[in-house]
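To start, the structure under review is shown below, and the notes come after it.
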Amino acid sequence: MLFFILACSSDITQKGDSIVLELPDTAEPDEPSNEPSQPSNEPSQPSSEPSQPSSEPSQPSSEPSEPSSDPNDPCESGPNLGSVSMDPGCEYTPSSNNTQFSAQIEWGLGHSLIDPLSGNTVPAYSFSIENDLAGNSYSDMHSVFQAPAVGQLTDDNFDGSVNEEDTPDIAVLMGSEFNDQQWSVLRLISGDGSFVHDSIGWETFNGVSYAPAVFAGLAIGDLENDGDMEIVTMVASELNSEYCHPAIYSISPSNTLTLSAVGSDTMWCLVDTSWSLYHASNAPAISNIDGYGDAEIIFGDRVYEASDLSLRWEGGAGQGWYNAWWEGSMGYWNSGFHSFAYNIDSNSSTMEIIAGNTVYTSTGDVYCTLSDGSSEANDGYPAVAELTTGYAGPEIVLTGNNFVSVYSSVPNIFGECPEISSIDNNPYNDSSLTLPTHPFGCDESRKSFGGQPTIADFTGSGNREIGVAGACWYTVYGLNMLNELYRFAMAPTKDWSSASTGSTVFDFNGDNQAEVVFSDENALYVWGIDNGSNLDPWERFVTYLEDTNHRSWTIHEYPLVADVDGDGKAEILVVNSSHPDYLNHYGLYALGAADDDWVSARTWWNQHGYFVTNIDDDGTINSGASNHNTLNSFRQQAPGEFGALAAPNLAVIGDTCQSDCGDITLWLQVSNSGAYITASAGLILSVYGESGSNRTLLSSTPIPIDVHPGELSEGIPMVLNNWSGYDRLIAVIDDPAYGPESWGGSKECNEYDNEYIISTAGLCP
71 MLFFILACSS
81 DITQKGDSIV
91 LELPDTAEPD
101 EPSNEPSQPS
111 NEPSQPSSEP
121 SQPSSEPSQP
131 SSEPSEPSSD
141 PNDPCESGPN
151 LGSVSMDPGC
161 EYTPSSNNTQ
171 FSAQIEWGLG
181 HSLIDPLSGN
191 TVPAYSFSIE
201 NDLAGNSYSD
211 MHSVFQAPAV
221 GQLTDDNFDG
231 SVNEEDTPDI
241 AVLMGSEFND
251 QQWSVLRLIS
261 GDGSFVHDSI
271 GWETFNGVSY
281 APAVFAGLAI
291 GDLENDGDME
301 IVTMVASELN
311 SEYCHPAIYS
321 ISPSNTLTLS
331 AVGSDTMWCL
341 VDTSWSLYHA
351 SNAPAISNID
361 GYGDAEIIFG
371 DRVYEASDLS
381 LRWEGGAGQG
391 WYNAWWEGSM
401 GYWNSGFHSF
411 AYNIDSNSST
421 MEIIAGNTVY
431 TSTGDVYCTL
441 SDGSSEANDG
451 YPAVAELTTG
461 YAGPEIVLTG
471 NNFVSVYSSV
481 PNIFGECPEI
491 SSIDNNPYND
501 SSLTLPTHPF
511 GCDESRKSFG
521 GQPTIADFTG
531 SGNREIGVAG
541 ACWYTVYGLN
551 MLNELYRFAM
561 APTKDWSSAS
571 TGSTVFDFNG
581 DNQAEVVFSD
591 ENALYVWGID
601 NGSNLDPWER
611 FVTYLEDTNH
621 RSWTIHEYPL
631 VADVDGDGKA
641 EILVVNSSHP
651 DYLNHYGLYA
661 LGAADDDWVS
671 ARTWWNQHGY
681 FVTNIDDDGT
691 INSGASNHNT
701 LNSFRQQAPG
711 EFGALAAPNL
721 AVIGDTCQSD
731 CGDITLWLQV
741 SNSGAYITAS
751 AGLILSVYGE
761 SGSNRTLLSS
771 TPIPIDVHPG
781 ELSEGIPMVL
791 NNWSGYDRLI
801 AVIDDPAYGP
811 ESWGGSKECN
821 EYDNEYIIST
831 AGLCP
């Protein structure tokens, strides 16, 4: 970090290395600005005599002192916005031995929350003010039952394009489970939590009213490769409550939502017509399966055209769904399709559709049927990655009928993708285990099931493991030398509602060992794994974070990791739904690292069946990329394209102005020479007086703006009066006295060049 001040005084000394600055033009003293900058922070007043610094500095005041309002005062106007040269090699390496994450709530749109760091209350947000044009109230439409999606969706700076200069956005469906309504509201939310762009419920298309289905999933991306982003989901119709339709919502240049397409093809909405509370939870996927033209939309074993949602083909076999607890006349209880496209044979640019127990070609033919050699597999939830070198191509993981199974992706002569290994996801059926007493008890009727699988290197060994949730345990499975599945790590959980939630994975500290991010009915968890010897599976999980702000009566949702606010750093996006025991819990919130110790993350998480190479950073749906050849993971977030360890590097330049003897005004500009990571508003800018070895705080203020890479902020005024009793002034940016540790509030690539020294000898007292 670097701090410069250009002053009207002599004997100025800088501590630290120099950087190249591109200075903006500043107003001449005889031409003051008619509208001076009015920052909202007031620095504290200095003491009259120098003294030893306090061990606990005073809190920065809310507003800095303002310069005189006299238009003839040359100190009235500060410098304008400018730029600074960037260092693409600016990196910070987090501690790799942390066993406890320090997290804080960055924002919340939901029930009242308790910040896990400070214990302060984050006020509840009410959706009661939102109504659509027909007068439908959205006040009770605030529970989330499926994974949201994150990406660059809106043109926030209205420059005509959607890109990295805009704040990422969150698309989320919100509804109510405790009524007979089978519809929900689609909300488009700014990723910094500052506002809801738009909400849309019932909307007319071709003379018929539709609204998003209450348990539906969604996916986002640029369907037509035109730079405009779309949201894909499933809608309910006013005409027939039993069936739903694929649908596309477009986003206008003014960032509002419009129902732009509804397919005529139907999918079931209710599990059984006699049970109106049990809804389908189909989740779409987006892919360019044939490698040219528009992307295609996938629901189960069906592929739709993006232009008009006409049905291109229906496979007729596996659909990518299962729930072992109850099956109605039209489908599994609160279950839904979770299929996706993937280039499993790595041939050119065509994709295969992985739909449960069946893999289809891009034209709808059966590529292979998953089989154990005697019978085809049950349908279920799939994932793909390279798990073993003993078989060609990646492997297909399937959770279904209470089992977790691994299959080869190479068809045999019978058209089967053969089973490699399978294991019961119910640990109580494993006679080799002596399980400890479950801390929450266990609902024996729902003790297994199995949610959508996650694949990552959980152990840091270079091998890939499989993470699967259940009713009572979250389990990480490994493959041994004989390619047999075994339980490597287990954590007790409570999910007695759906017992089939998903999970996500992220390497928060950049040590090449991924952490599990999971939420059950009662809490959000981030777990690491202890690789020590002679440990039982239930002894291996290490809880890095447990947050009880989360509550859910689960369906298929999960917490996800992304850079949701555009600062370059990872956040955890947590969703809530009302539970019979917690009816006042709802909405969503974002958690960030309180100690700034999480690495960078992508701004995209575009669908439930997420893998990184499916979507580019501009929202383009990729064609033919095989994730297992590069990242080899599934439902794991990746760092930003600029690297996991990218960091900011702050500096300050400015003018010292004295129009008459007495007060001096420091016009300070904060710059960020890091190339990729934004420094957030609120970092402390301080000025100390120093005589001999004694140092006294004269003024401090939070910087009022984010400082983006390559940016030089507008001037921030700091007025000093009792400065003359000191030999020199010490200016400090990101003052460590106000940070949680010695580095201040922002982890930077250089923490040792924070001070700038100004001699008072040339100033008039």
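Under this note's numbering, the first residue of the sequence shown carries the number 71, and numbering increases by one thereafter. Glycine included, every Cβ here is placed at the ideal spot set by N, Cα and C.
Less than 9 Å between the C-beta atoms of methionine 304 and glycine 291, yes or no?
Contact annotation: methionine 304 and glycine 291 have beta-carbon atoms that are not nearer than 9 Å.
In or out: leucine 483 buried (at least 16 other Cβ within 10 Å) or exposed?
The residue asked about is misnamed: residue 483 is isoleucine in this sequence, not leucine. Taking all protein chains in view, the Cβ of isoleucine 483 is surrounded by fewer than 16 other Cβ atoms within 10 Å, so the residue is classified as exposed.
Alpha-carbon to alpha-carbon, tryptophan 383 and leucine 309:
Approximately 25 Å between the Cα atoms of the pair.
Which residue comes first and which comes last in the beta strand (DSSP E) that contains arginine 557?
555-562 is the extent of the beta strand (DSSP E) around arginine 557.
Check the DSSP bridge columns for valine 302 and list the partner residues they point to.
Beta-bridge analysis with DSSP links valine 302 to Ala289 and Ile318.
Secondary structure of asparagine 684, DSSP reduced to three states
The three-state secondary structure of asparagine 684, taken from DSSP, is helix.
How many angstroms separate the CA atom of proline 835 from the CA atom of aspartate 730?
Roughly 9 Å separates the two Cα atoms.
Given a cut-off of 9 Å on the beta-carbon distance, is the pair aspartate 687 and proline 810 in contact?
Their beta carbons are not under 9 Å apart, which means aspartate 687 does not touch proline 810 by this criterion.
Could you have a look at proline 806 and say whether DSSP puts it in helix, strand or coil?
DSSP places proline 806 in helix when its eight states are reduced to three.
Note down, in chain order, each residue of its chain lying with its Cβ closer than 7 Å to the Cβ of serine 311, except the 5 sequence neighbours on either side.
Taking serine 311 as the centre and dropping the five residues before and after it, the same chain places the C-beta of Gln252, Cys339 and Leu340 closer than 7 Å to its C-beta, in chain order.
Taking only the alpha-carbon atoms, compute the straight-line gap between leucine 643 and valine 242 and give it to the nearest angstrom.
So the two alpha carbons sit approximately 11 Å from each other.
What's the C-alpha gap between methionine 551 and aspartate 633?
Rounded to whole angstroms, methionine 551 to aspartate 633 spans 38 Å at the Cα level.
In this structure, does DSSP put phenylalanine 796 in helix, strand or coil?
Residue identity check: residue 796 is tyrosine in the sequence provided, not phenylalanine. In the structure shown, the three-state DSSP call for tyrosine 796 is coil.
Taking 9 Å as the threshold (C-beta atoms), are glycine 385 and valine 436 in contact?
In this structure, valine 436 sits near glycine 385, with a CB-CB distance shorter than 9 Å.
Check for me: the beta strand (DSSP E) holding alanine 453 runs from which residue to which?
It spans 451-455 - the beta strand (DSSP E) in which alanine 453 sits, taken as one unbroken run.
Does the count of Cβ pairs from the region 226-246 and the region 180-190 closer than 8 Å reach three?
Output reads no: the region 180-190 does not touch the region 226-246.
Between which residues of its own chain and glutamate 161 is the CB-CB distance below 8 Å, once the five residues before and five after are set aside?
These residues qualify, in order along the chain: Gly713, Leu715, Ala716, Ala717 and Cys819.
Following the continuous beta strand (DSSP E) through arginine 382, name the residue where it begins and the one where it ends.
Element bounds for arginine 382: 381-384.
Would the region 424-442 count as touching the region 499-513 if we require 3 or more Cβ pairs under 8 Å?
Contact between the region 424-442 and the region 499-513 is absent, because fewer than three Cβ pairs lie under 8 Å.
DSSP puts valine 586 in a beta bridge; with which residues?
Looking at the DSSP output, valine 586 sits in a beta bridge with Val575 and Trp597.
Is the beta carbon of phenylalanine 576 sitting closer than 9 Å to the one on alanine 663?
Cβ atoms of phenylalanine 576 and alanine 663: not closer than 9 Å.
Determine the direct distance from the alpha carbon of glycine 602 to that of valine 546, and round the result to whole angstroms.
Roughly 15 Å between the two C-alpha positions.
Do you know how far the Cα of serine 794 is from the Cα of glycine 844?
Residue 844 lies beyond the range of the chain shown here (71 to 835); nothing can be said about it.
For serine 498, does the three-state DSSP call read helix, strand or coil?
The sequence as given places tyrosine at residue 498; serine does not occur at that position. Helix.
Can you tell me which of the three DSSP states asparagine 791 falls into?
DSSP, reduced to helix, strand and coil, places asparagine 791 outside both helices and strands of the structure shown, so it counts as coil.
Can you find the residues in the same chain that come closer than 6 Å, C-beta to C-beta, to aspartate 95, ignoring five residues on each side of it along the sequence?
Only weak support exists for where aspartate 95 lies, its pLDDT of 40 falling under 50; the value from the coordinates is given anyway. Within the same chain, aspartate 95 has no close Cβ partners at all.
Within the continuous beta strand (DSSP E) that includes glycine 221, where are the two ends?
That run of the beta strand (DSSP E) goes 219-221.
Can you name the residues that DSSP bridges to glutamate 273?
Looking at the DSSP output, glutamate 273 bridges to Tyr280.
Nearest CA to the CA of alanine 745: which residue from Val777, Gly537 and Asp449?
Of the candidates Val777, Gly537 and Asp449, the one whose C-alpha sits nearest the C-alpha of alanine 745 is Val777.
Can you tell me the Cα-Cα spacing of serine 377 and glutamine 677, whole angstroms?
If I take the Cα positions, the gap works out to 19 Å.
Secondary structure at serine 432, three-state DSSP: helix, strand or coil?
Serine 432 falls in the coil class under three-state DSSP.
Give the straight-line distance between the Cα atoms of proline 452 and threonine 336, rounded to the nearest whole angstrom.
One C-alpha to the other measures close to 23 Å.
Quick check: serine 322 and tyrosine 313, are their CB atoms within less than 9 Å of each other?
It is not a contact, given that the beta carbons lie outside the stated cut-off.
Does the separation of the CB atoms of glutamate 781 and valine 154 fall below 9 Å?
Contact flag set, yes.
Mind checking which residues open and close the beta strand (DSSP E) that includes glutamine 707?
Where glutamine 707 is concerned, there is no enclosing beta strand (DSSP E), because DSSP gives it neither an H nor an E.
Could you give the C-beta distance for threonine 524 and threonine 563, rounded to a whole number, given that I count them as a contact under 8 Å?
Approximately 14 Å separates the beta-carbon atoms of threonine 524 and threonine 563; this is outside 8 Å, ruling out the contact.
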